[in-house]
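Participant: Shown below is the structure under consideration.
2 protein chains.
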Amino acid sequence: MKEKTAGILGGMGPEATVDLMQRIIRLTPAKDDIDHIHCIVDNNPKIPSRIKAIVEGTGEDPAPDLVKMAQRLEAAGADFLAIACNTAHYYYPAVAGAVDIPVIHMVKEVLDHLKTKVPDLDRVGVLASPAIEITGLYESIFTHSGIRVIYPAPDVRDTLFNVIRQVKAGNRSARVAKDYEGACAHLREKGAKLCIVACTELSALDIHPDELPLVDAAQVLAQAIVTMAKG
Amino acid sequence: MKEKTAGILGGMGPEATVDLMQRIIRLTPAKDDIDHIHCIVDNNPKIPSRIKAIVEGTGEDPAPDLVKMAQRLEAAGADFLAIACNTAHYYYPAVAGAVDIPVIHMVKEVLDHLKTKVPDLDRVGVLASPAIEITGLYESIFTHSGIRVIYPAPDVRDTLFNVIRQVKAGNRSARVAKDYEGACAHLREKGAKLCIVACTELSALDIHPDELPLVDAAQVLAQAIVTMAKG
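Encoded structure:
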């Protein structure tokens, strides 16, 4: 069976997209170039800020640019699409409605992963930008799963938001890592036995704190892309 | 002035393309996503092997696929193109002739870099796949520069070729690093005061041996892409 070509809506941020591509390569068994999957990647950091549109409520709507990007990837030969950003999945219906090829839904993939791999899970912490909580993106998918989604308290949420902004600005200092680990510890104290890394900037940080299992949405997405491409 | 969008012919190999994207990001001064440059990347590892076509003389011609990839990137909105593979520049005339947008020539950029940054250079070692020596790609560009291009002896060339194959197979062991450093030492003994890293797999290895300055063609290409995008 012919392998499928993946189209990736990226650039949100650009480094997180590179991190996703690296994960795809590592998850693909390969002895030479040809064993790897074909990915057409639009690493477009000029998409209007999801944060400004959702959190600050002042920014331009990113949906029209995401739709154009999806259509261009389809025209360029993608057989299916993936969106390399948790928050951008708020615009999933617009994107999926604008193309004739399947679009992987990262949050649905995460839920499927949890249901398959983590039995008896009743609550899960979410490490993400405030936009994820504001939009209720994870709740909307998890609503009938029996898994409750919990978020950090407002002060820790602000700290975590700053971690994301620092990663976007290229800062991966020890202080940034410490703040991230503090947010993980806080969610563990709030009763999370497991946390979802639900922001591709945090995925790119690639930190694994002690005593708290993490399921990384970017890793789950990378696996879904490889599986779909290989058929 | 509006920034330009880069189109990148990639996948030769896929990890080397990710390495180039990472270099582009690191070379771009940025405080947030929007400061980064827009890159449309066709990470296509299904392009017929340049090695098989040039070294073994048995493989399918990669030129038609490279041409199609270039035209698709132009149609997708790229304002200029770059080819993320030294050897594939053997097909540069076919690619450049098939589109109406500029195509950066990595080898020309390397020569410009050397002429500007390294005065009185009379000979330079080339760390590359045998396809580079067979095609005379570097000589064809360096011919009137006064800089002589030198290659490893056949046994070391074979060792270096194996290093490239190992990187393509995901092997970055200490042995691979040692073999690479051995090839560098050999070229230094042959009189190279400086070597060009002229294979993007070797760029992705990112090894800097003692006592031999390296100019990495991937790094020079990344800088050329950032400069062209920023205008």
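Protein chains in written order, with the numbering used here: chain A, 70 to 300; chain B, 70 to 300.
All C-beta atoms, glycine included, are put in the ideal place defined by N, C-alpha and C.
For clarity, every value in this text was computed on a predicted model and none was experimentally measured.
1. In chain order, what residues of the region 102-115 of chain B put their CB closer than 9 Å to some CB of chain A?
2. Just confirm the distance between the C-beta atoms of Arg-221/B and Leu-256/B, as a whole number of angstroms; I'd bet it's less than 8 Å.
3. Any beta carbon of chain A sitting closer than 7 Å to that of Val-172/B?
4. Measure the beta-carbon distance from Arg-119/B to Ala-75/B and round it to whole angstroms, keeping in mind my assumption that it falls under 8 Å.
5. Taking C-beta pairs closer than 9 Å, name the residues in chain B that Gln-91/A reaches, listed in chain order.
6. Between Arg-119/A and chain B, is there a C-beta pair that is closer than 7 Å?
7. Do Leu-294/B and Ala-151/B have their C-beta atoms within less than 7 Å of each other?
8. Measuring alpha carbon to alpha carbon, tell me which of Met-138/A, His-174/A, Glu-143/A ends up nearest Asn-155/A.
9. Our contact map puts Val-111/B next to Leu-142/B with C-beta atoms below 8 Å; I'd like the distance itself, whole angstroms only.
10. Return the CA-CA distance between Pro-199/B and Ala-287/A, expressed in angstroms with no decimal places.
11. Use the C-beta contact count for Ala-122/A: other C-beta atoms within 10 angstroms, 16 or more gives buried, fewer gives exposed.
12. Between which two residues does the alpha helix (DSSP H) holding Cys-253/A run?
13. What are the boundary residues of the alpha helix (DSSP H) that includes Asn-231/B?
14. Apply the 10 Å Cβ neighbour rule to Gly-80/B and answer buried if 16 or more other Cβ atoms are within range, or exposed otherwise.
15. Is it true that the CB of Lys-237/A sits closer than 7 Å to the CB of Asp-102/B?
16. How is Asp-111/A classed by DSSP in three states: helix, strand or coil?
17. So which of Pro-223/A, Leu-183/A, Lys-115/A has the shortest CA-CA distance to Tyr-207/A?
18. Could you compute how far the alpha carbon of Leu-78/A sits from the alpha carbon of Asn-113/A?
19. Short check: CB of Ile-304/A to CB of Glu-84/B, under 7 Å?
20. Quick one: using the 10 Å Cβ neighbour count with 16 as the cut-off for buried, is Ala-267/B buried or exposed?
21. Check this for me: beta carbons of Val-164/B and Ala-139/B, under 7 Å apart or not?
Facilitator: Walking through what the data contain:
1. Asp-102, Ile-103, Asp-104, His-105, Ile-106, His-107, Cys-108, Ile-109, Val-110, Asp-111, Asn-112, Asn-113, Pro-114, Lys-115
2. Before going further, note that residue 221/B is Pro rather than Arg in the sequence given. Yes, they are in contact, since the Cβ atoms of Pro-221/B and Leu-256/B sit about 6 Å apart, within 8 Å.
3. no
4. Contact doesn't hold; Cβ gap of about 22 Å is too wide.
5. Glu-84, Val-87, Gln-91
6. no
7. Per the sequence shown, the amino acid found at residue 294/B is Ile instead of Leu. Yes, they are a contact pair.
8. His-174/A
9. The amino acid occupying residue 111/B in the given sequence is Asp; Val does not appear at that position. Asp-111/B to Leu-142/B, Cβ: 6 Å. Contact.
10. 37 Å
11. buried
12. 243-258
13. 223-237
14. buried
15. yes
16. strand
17. Leu-183/A
18. 8 Å
19. With chain A covering 70 to 300 only, the question about residue 304/A has no answer from this structure.
20. buried
21. yes
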